[in-house]
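Student:
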Amino acid sequence: MRIPLILKSVVIVFGLVLLSSCKEEKKTVTEDKVVVNFKKEGTLTLKKTDSDSIIKIIDIEIADDEYTTQTGLMYRTKLETNHGMLFIFPNVQMRSFYMKNTKIPLDIIYIDQDLSIVGIQKNAKPMDETSLPSEAPAKYVLEINGGLSDTWQLAIGDKISFTTTND
């Protein structure tokens, strides 16, 4: 059975419309590699729990859907010191991340529903698929450049607050 040319055209147009309606991409493809650019989607403040003093304020990208939580900071070749990615999950549970296709070392910071840090995986090795679990249930995960959690002296119990550009 042959499919009429008009039907093939309709299917192709529908597919293109469906693809273009997906979340705006932040990546471009060059001849030999994927380049993903930072897109500020909010601001995150890190605070000491005992004094409520501000440790650092950074710009963040948000990962809150299946595609962005699966890809995270994969394919990035750099991340500025004042940038990070905040993963927002719909529930609180034990989490585990890995570094598949991630080219830069990261500190992975697990945060509970009360916005308190409950675990830190420091200097996660690029391209390593070893599981890096949380130490307690988490609703949020913050990824920053490897080593910054020590530089900023982050500790379990420190707090975050954040705003998104949609707020």
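Under the working numbering, residues 97 to 263 are what the sequence shown spells out, in order. All residues carry an ideal CB built from backbone N, CA and C; glycine is no exception. Predicted model, so just to flag it, every value in this text is computed and none were measured.
#1: Can you tell which of V188, L142, I153 and T173 has its C-alpha closest to the C-alpha of S230?
#2: Under 8 Å: do the stretch 224 to 242 and the stretch 190 to 207 share three or more Cβ pairs, one atom per stretch?
#3: Just verifying my parser: in three-state terms, what is the DSSP assignment at S147?
#4: Let me know if G253 comes out buried or exposed under the rule of 16 or more other beta-carbons within 10 Å of its beta-carbon.
#5: Hey, how far is the Cα of L112 from the Cα of E162?
#6: Around the Cβ of K235, are there at least 16 other Cβ atoms within 10 angstroms (buried) or fewer (exposed)?
#7: Kindly indicate which three-state DSSP category S245 falls into: helix, strand or coil?
#8: Can you look up Y163 in the DSSP assignment and give me helix, strand or coil?
Tutor: Let me spell this out:
#1: V188
#2: Three or more pairs of CB atoms, one per stretch, sit closer than 8 Å, so the stretch 224 to 242 contacts the stretch 190 to 207.
#3: coil
#4: exposed
#5: Confidence in L112 is poor, its pLDDT being 42 and thus under 50, which makes the residue's placement too unreliable to answer from.
#6: Looking at its Cβ environment, which holds 16 or more other Cβ atoms inside 10 Å, K235 is buried.
#7: helix
#8: helix
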